[in-house]
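Step one of this worksheet: look at the structure below.
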Amino acid sequence: MNISEFASRSGVSADTLRYYEKIGVLRRIARNASGHRVFDTRDLDWIAFVTRLKDTGMPLAQIREYAQLRHQGAATAARRRALLEDHAAALEQRLARAQDSLSLIRTKIAWYQGQEGPL
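Residue numbers (our numbering): 198 to 316.
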């Protein structure tokens with residue numbers, strides 16, 4: 198698929214895809230005879246994972262590091278796992294803080310509901 202279709206299917210803009218390729222997050226993107234990028238389903242799977250990492254707050258520098266390690270192959274599996282474990286731990290902490298904040302907000306909403314009288 199070309200970059201437009203890939204952007205549409207992945208939900209990532211063509212400009213962002215080009216940037217990801219430039220910084221090494223996307224690697225080995227095939228090119229056709231005209232030099233245009235040609236993406237496949239493996240690329241969709243990878244960009245979906247990258248998007249999840251971004252959505253969960255992993256900095257682009259760490260995503261880039263993960264991509265570079267991935268490109269180096271199986272010998273880097275332990276380091277990639279460690280990066281993901283560190284990210285998961287940080288995400289769990291953020292989720293716990295968010296849950297505490299949500300609880301406080303719900304308590305305040307309940308207080309306001311108790312303040313409302315008949316119309």
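Don't be surprised by glycine CBs; every beta carbon is placed ideally from N, CA and C.
Burial state of L214 is buried, judged by a 10 Å Cβ sphere holding 16 or more other Cβ atoms.
At a cut-off of 4 residues, the continuous stretches assigned as alpha helix (DSSP H) that sit fully inside the region 248 to 308 are 257 to 269. With respect to R276, L288 sits apart: the two C-beta atoms are not nearer than 9 Å. Counted as a single uninterrupted DSSP element, the alpha helix (DSSP H) harbouring D212 occupies residues 211 to 220. A straight-line Cα-Cα distance of about 10 Å links A295 and I302. As DSSP reads the structure, R228 sits in a beta bridge with R234. By the 16-neighbour rule on beta-carbons within 10 angstroms, S231 is exposed. Beyond the five residues adjoining it in sequence on each side, G221 comes within less than 8 Å, by CB distance, of R261, A264, Q265, H268 in the same chain, given in chain order. Looking at the backbone, the Cα of R239 and that of H284 are separated by about 23 Å.
Closest in alpha carbon position to N199, among K305, Y216, R234, is R234.
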